[in-house]
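Residue numbering for the sequence shown is 0 to 166, as defined by numbering that gives the first Met the number 0. Quick notes on the structure that follows.
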Amino acid sequence: MTDWQLAQVNVGRMRGQRGDPQVAGFYAELDAINALADIAPGFVWRLQGDGNDATDLRPTPDPLFLINMSVWADAEALFDFVYRTTHTSVMSRRKAWFERLESAYQALWWVPAGHRPTIDEALAKLWLLDRFGPTPHAFTFKARFPAPGEAGAPVDMQPDPWCMGRA
């Protein structure tokens, strides 16, 4: 077991509230994607509200703003889940359900093994990425930094071009 695990956050502003036909496809896929994550190799934890997901949590005053967070054993495990499972085809429809954000909507960072990030911590990582670009403190799959104490330069994990941290 390593001393570090990879945390991720992604956020978005929905095109409508739950029950709106415009976002019904997102909610129809949510339980299956969460179940897939729960059994994925390297999955450690995901943020949940009162239900099986985090859609009832309100990290900002905007009722259409959603947050998703999880922790993974390493970057490769998260990358495999995001880009090599049915999650990819669901994610490819993101623009139908979410508004375009001008700021960073996805950030990755290393956490000590066993740590569960808070919403405030995750939002701060998005802010760091938005203001300073990828650094060892907040990064993306396009510029993935090594875990603390590991040598090496940032690695381009070659994510799909349409999914690199900005809509």
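For every residue, glycine included, the Cβ atom is placed at its ideal position computed from N, Cα and C. These numbers were taken from a predicted model, which means no experiment stands behind them.
- Counting C-beta pairs with one atom in each stretch, the region 52 to 61 and the region 70 to 82 have fewer than three that are closer than 8 Å, which means they do not touch.
- If you ignore the 5 residues before and after A39, its C-beta comes within less than 6 Å of the C-beta of F80, all in its own chain and listed in chain order.
- Counted as a single uninterrupted DSSP element, the beta strand (DSSP E) harbouring V8 occupies residues W3 to R12.
- By the criterion of a C-beta distance shorter than 6 Å, L128 is surrounded in its chain by A103, A106 and A137, once the five residues flanking it on both sides are discounted.
- L65: member of the beta strand (DSSP E) spanning F64 to W71, first to last residue.
- Annotated three-state conformation of F78 is helix, per DSSP.
- For A23, no beta strand (DSSP E) encloses it; the enclosing alpha helix (DSSP H) starts and ends at A23 to I38.
- Note that the region 64 to 72 touches the region 7 to 26; at least 3 beta-carbon pairs, one per stretch, sit closer than 8 Å.
- DSSP places L107 in the uninterrupted beta strand (DSSP E) bounded by Q105 to P111.
- Linking R57 to K141 through their CA atoms gives a straight-line distance of about 29 Å.
- Around the beta carbon of K124, 16 or more other beta carbons sit within 10 angstroms, so the residue counts as buried.
- Contact between T85 and L35 holds: CB atoms are separated by about 7 Å, below the 8 Å threshold.
- When the five nearest sequence neighbours on each side are left out, the beta carbons in the same chain lying within less than 8 Å of the beta carbon of L77 are those of L5, Q7, G41, S69, W71 and L107, in order along the chain.
- When the Cα atoms are used, R92 and W126 turn out to be separated by approximately 25 Å.
- Residue state for A146 is assigned as coil, using DSSP reduced to three classes.
- Here DSSP, grouped into helix, strand and coil, assigns R130 to helix.
- Judged by beta-carbon spacing, W44 lies within the 8 Å limit of R115, meaning their Cβ atoms are closer than that value.
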